[in-house]
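Each residue of the sequence shown is one higher than the one before, starting from 657 at the first, in my numbering. Note sheet for the following structure.
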Amino acid sequence: MARKNLSALKRVRQAEKRRLRNQDYKSRIKTFTKKVESAVAAKDAEAAERLLREAIKVISKGSSKGIIHRNTASRKISRLTKKVNAILKSEAA
657 MARKNLSALK RVRQAEKRRL RNQDYKSRIK TFTKKVESAV AAKDAEAAER
707 LLREAIKVIS KGSSKGIIHR NTASRKISRL TKKVNAILKS EAA
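Written out as structure tokens, the structure reads:
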């Protein structure tokens, strides 16, 4: 029986490992985004600000690792920041 192409088998293993890592990271990004949005909905400015900092770290790291595009990361960060700033502004007024 002929041997299968070893490099092809290794590529399959690597692709699966990367797919799982990317899936995990995208899930973390979504989770942190939802946490920030729920804090904004509850009008909890302090928690929203703290969660925003954590979300920005996760989103930026995902962008730098090539899991999401840098423009997508910038857009997500911008939208979350606008929501949190609106809460802070309304609380200050």
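Yeah, the Cβ is synthetic: ideal placement off N, Cα and C, and Gly gets one too. Since the model is a prediction, treat every value here as computed from it, not as a measurement.
Nearest-angstrom beta carbon gap, residue j and residue i [assumed within contact, 8 Å]
i      : j      : result
GLU705 : VAL740 : 6 Å
Nearest residue (CA-CA) to residue i, options the options
i      : options                        : result
LEU736 : LYS666, ASP680, ILE712, LYS682 : ILE712
LYS686 : SER730, ILE715, SER663         : ILE715
THR728 : ALA749, LYS682, ALA742, ASN661 : LYS682
ASP680 : ILE743, GLU710, GLY718, GLU693 : GLY718
LEU707 : LYS721, SER720, GLY722, LYS691 : LYS691
ILE743 : SER720, ARG709, ALA703, LYS732 : ALA703
ARG684 : ALA749, ILE723, ASN661, SER746 : ILE723
For residue i, the three-state DSSP class (helix, strand or coil)
i      : result
ILE724 : coil
ASP680 : helix
ARG659 : coil
LYS745 : helix
LYS738 : helix
ALA698 : coil
Take every Cβ of the segment 657 to 675, pair it with every Cβ of the segment 686 to 700, and state whether three or more of those distances are shorter than 8 Å.
-> no
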